[in-house]
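The structure appears right after this line, and notes come after that.
In the numbering used here, the protein residues as written are 1305 to 1444.
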């Protein structure tokens, strides 16, 4: 697994945690829940990338959640599985705020994370929502 994928996984895990208790961003970015050995093996670039995604997602959470609501017809955001929601949030942050990362890379990474951590059909749901956002992101 590449360092950027690892960073995305850490960001996804941090956002999942954030959704439960809404800690301050600075506390969230300490990634205290990571085991010391795992933290050492990740390296500073991976943690910096995870921090960038995590902080950016939290800072833009209202815009991101509005985007999710606009692209999930007949789905209340509260009905979306927390794992899927965390993956959608970090991925929509990338689609809207990181134009240097190709949309196809963001979507492919989200699908792979969903296959690893989500339910049986999570990756299909996430792929559909993100593809819809990709198609309209210039107008969001």
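Beta carbons are placed, not taken as given, at the ideal position from N, Cα and C, and that holds for glycine.
Do residue i and residue j have their CB atoms nearer than 7 Å?
i            : j            : result
residue 1358 : residue 1318 : yes
residue 1398 : residue 1405 : yes
residue 1410 : residue 1426 : no
Spatial neighbours of residue i within its chain, please: CB distance less than 7 Å, with the 5 preceding and 5 following residues excluded, ordered by chain position.
i            : result
residue 1310 : 1346 and 1350
residue 1344 : none
residue 1360 : 1397 and 1401
residue 1424 : none
residue 1416 : none
Suppose the cutoff is 8 Å on Cβ atoms and the five residues either side in sequence are ignored; what does the same chain contact list for residue i look like?
i            : result
residue 1362 : 1319, 1322, 1329 and 1332
residue 1381 : 1369, 1372, 1373 and 1389
Shortest alpha-carbon distance to residue i belongs to which of the options?
i            : options                   : result
residue 1314 : 1373, 1387 and 1377       : 1387
residue 1326 : 1340, 1365 and 1354       : 1365
residue 1421 : 1441, 1391, 1432 and 1407 : 1391
residue 1434 : 1376, 1324, 1348 and 1356 : 1376
residue 1316 : 1373, 1412 and 1389       : 1389
Could you check the C-alpha separation between residue i and residue j for me, to the nearest Å?
i            : j            : result
residue 1436 : residue 1339 : 37 Å
residue 1342 : residue 1335 : 11 Å
residue 1354 : residue 1312 : 6 Å
residue 1419 : residue 1430 : 10 Å
residue 1402 : residue 1308 : 14 Å
residue 1383 : residue 1369 : 13 Å
residue 1428 : residue 1356 : 26 Å
residue 1407 : residue 1432 : 13 Å
residue 1348 : residue 1306 : 14 Å
residue 1412 : residue 1378 : 25 Å
Quick one: residues in its chain with C-beta nearer than 6 Å to the C-beta of residue i, no 5 flanking neighbours on either side, listed in chain order?
i            : result
residue 1440 : none
residue 1393 : 1319, 1361 and 1368
residue 1444 : Here the model assigns residue 1444 a pLDDT of 40, short of 50, so the residue's position is not dependable, and the following value carries that caveat. Around residue 1444: 1371.
In chain order, what are the residue ranges of uninterrupted alpha helix (DSSP H) at least 4 long that sit wholly in the region 1332-1358?
1340-1346
Fill in: Segments of 4+ residues assigned as alpha helix (DSSP H) that fall wholly inside the region 1364-1393
1365-1374
Length at least 4, wholly inside the region 1386-1435: the alpha helix (DSSP H) runs in chain order:
1386-1401 and 1407-1421
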